[in-house]
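Data block below; observations after.
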Amino acid sequence: MEYYAGILFLTTNRVGDFDEAFTSRIHISLYYPALDMDKTTEVFKINMEMIEERFSKKERRIDIDKYNIGIFAAQHFSEHQQARWNGRQIRNACQTALALAEFEAQGKDTKDVLLPNAVVELRVRHFEIVRDAYLEFTKYMINLHGTSDTRRAKEAKLRAIWIDENDRLVTTNDIGGAEGRAQGPGQ
């Protein structure tokens, strides 16, 4: 890596696995905090716009219930504090919900969806199916490991995460921004 002449982007959620020799070769590191509610709904909105654009380029019709999907995104954020989605998970949820909507649009004839006049209707119910499956898997993983993935990452020192005694993520706003991140809560 030290002899590479270009720009290399490396993303990871396992920063704790880096050793000193590796980190000394990194010229700039960026920290991305967990998404707050506004950022979460914005990522949903961006994904809806990308889906619309993709359909438009292919001259296909789609009807997206953006308003109610936005409400769903905010409710999921509020109601599932231990199972909030990151940007990648939101994108995956949008793609899976879209696949469900496209399958539904096929009706009984699997060729209908390929026709430009077949309208795909992306609704909250598609996201609810994705959410429910995600929550079931999250519950299974907690039962398997005896704790949340957030707590496991913290205890294995893979990520500097501040969580309370109920495994709820403590945001950087709760601990004082950059200064709080350096010290952690209550230190």
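For the sequence shown, the residue numbers in UniProt numbering are 1 to 187. Every residue gets a Cβ at the ideal spot worked out from N, C-alpha and C, and that includes glycine.
query = From what residue to what residue does the alpha helix (DSSP H) around Asp38 run?
reply = As a working note, residue 38 is residue 38 in the sequence shown. Met37 to Lys57 is the extent of the alpha helix (DSSP H) around Asp38.
message = Applying the 10 Å Cβ sphere with the 16-neighbour rule, what's the burial state of Glu128?
response = Here the question's residue 128 lines up with position 128 in the sequence shown. Exposed: under 16 other Cβ atoms inside 10 Å.
task = Pick out the complete beta strand (DSSP E) segments inside the region 86–134, 3 residues or longer, and give them in chain order.
result = 119–122
inquiry  = I believe Thr40 touches Phe77 by the beta-carbon criterion, under 8 Å. Please report the beta-carbon distance rounded to the nearest angstrom.
reply    = Translated into positions along the sequence shown, residue 40 becomes position 40. Translated into positions along the sequence shown, residue 77 becomes position 77. Correct: roughly 5 Å between the Cβ atoms.
task = Kindly list the residues whose CB is nearer than 6 Å to the CB of Gly6, restricted to its own chain and excluding five residues on each side of it in sequence; keep chain order.
result = Position 6 of the sequence shown, counting from 1, holds the residue named residue 6. Excluding residues within five positions, none has a Cβ falling inside 6 Å.
Straight-line Cα distance separating His145 from Phe22 = Residue 22 sits at position 22 when you count from the first residue of the sequence shown. Residue 145 sits at position 145 when you count from the first residue of the sequence shown. One C-alpha to the other measures close to 30 Å.
query = Expressed to the nearest angstrom, what Euclidean distance is found between the alpha-carbon atoms of Gly87 and Leu35?
reply = Sequence index remark: in the sequence shown, residue 87 carries index 87 (1-based). Sequence index remark: in the sequence shown, residue 35 carries index 35 (1-based). Using only the alpha carbons, I get a separation of about 8 Å.
message = Would Asp65 pass as an interface residue toward chain B - the criterion being a Cβ-Cβ separation below 8 Å?
response = Among the chains in the structure shown there is no chain B, since it carries only a single protein chain.
query = Using the rule of at least 16 other Cβ atoms within 10 Å of the residue's Cβ for burial, across every protein chain shown, is His27 buried or exposed?
reply = Counting from one through the sequence shown, the residue named residue 27 turns up at place 27. Exposed is the call here.
message = Report the CB separation of Arg91 from Asn47 in whole angstroms; it is logged as a contact under 8 Å.
response = Here residue 91 refers to the residue found at position 91 when the sequence shown is read from its first residue. Here residue 47 refers to the residue found at position 47 when the sequence shown is read from its first residue. Yes, Arg91 and Asn47 are in contact; Cβ-Cβ is about 6 Å, under 8 Å.
message = Please classify Arg14 as buried or exposed, where buried requires at least 16 other C-beta atoms within 10 Å of its C-beta.
response = As a working note, residue 14 is residue 14 in the sequence shown. By the 10 Å Cβ count, Arg14 comes out exposed.
Rounded C-alpha distance that separates Asp19 from Thr12 = Here the question's residue 19 lines up with position 19 in the sequence shown. Here the question's residue 12 lines up with position 12 in the sequence shown. Looking at the two C-alpha atoms, the distance is approximately 14 Å.
key: Integer Cβ distance of Asp65 from Arg123, believed to fall under 8 Å   = Here residue 65 refers to the residue found at position 65 when the sequence shown is read from its first residue. Here residue 123 refers to the residue found at position 123 when the sequence shown is read from its first residue. That pair is a contact at about 5 Å.
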